[in-house]
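Numbering (this note's numbering), first residue to last: 316 to 472.
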């Protein structure tokens, strides 16, 4: 379930409960789903972008899907339901509003970096509460570094 446009998703619950862990997994899973779809959208939408960049975006979409599956598997393992709490699709709308391949790549790199930082924070916060979820967030955060490097490879600062 997605919140109404312009609305915020409910804040994550305390990590002292399995519900709080589920909230973080759910939010991350939906971000991965939005990123996957946005990479596919960009690969199709920006036809004038270099073919190797569009192919890289398709590969990144597959990576995002892999992360999504990991998160959904973990949610299932701890009994967290996907539809228990609303999520925001603000990321999707912000990504598909980009006007050029370069703008998309740079914006996506920023979103990936924010996600990496959040994953590292979740990993640290969850270490005592749920070491399995903590390790999953750390693994995803590490892989996001490769995603960020794609934009830097094609669009040097």
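For each residue, glycine too, the CB sits at the ideal point set by N, CA and C. Source: prediction; values computed, not measured.
- The three-state secondary structure of residue 318, taken from DSSP, is coil.
- Taking all protein chains shown into account, residue 432 has fewer than 16 neighbouring C-beta atoms within 10 Å of its C-beta and is therefore exposed.
- For residue 402, the pairing in a beta bridge is given by DSSP as 317.
- Between residue 393 and residue 337 a beta carbon distance of about 6 Å is seen, short of the 8 Å cut, so the two are scored as contacting.
- Under the three-state reduction of DSSP, residue 445 is assigned to coil, being neither helix nor strand.
- Distance from the Cα of residue 356 is smallest, within the candidate group 329, 414 and 402, for 414.
- In terms of Cα proximity to residue 333, the closest of 462, 319 and 447 is 447.
- The DSSP-derived three-state label of residue 366 is helix.
- Judged by DSSP secondary structure, residue 333 falls within the alpha helix (DSSP H) whose first and last residues are 333-360.
- Within the segment 403-438, the complete alpha helix (DSSP H) runs of at least 4 residues fall at 405-410.
- Between residue 402 and residue 353 a beta carbon distance of about 15 Å is seen, past the 8 Å cut, so the two are scored as non-contacting.
- Exposed is the label assigned to residue 425, since fewer than 16 other Cβ atoms lie within 10 Å of its Cβ.
- Contact between residue 348 and residue 375 does not hold, since their C-beta atoms are separated by about 13 Å, which reaches or exceeds 8 Å.
- For residue 466, the CB contacts under 7 Å within the same chain, skipping 5 residues up- and downstream, are 420, 421, 423 and 424 in chain order.
- A distance below 7 Å between beta-carbons, with the five flanking residues on each side excluded, links residue 427 to the following residues of its chain, in chain order: 459, 462 and 463.
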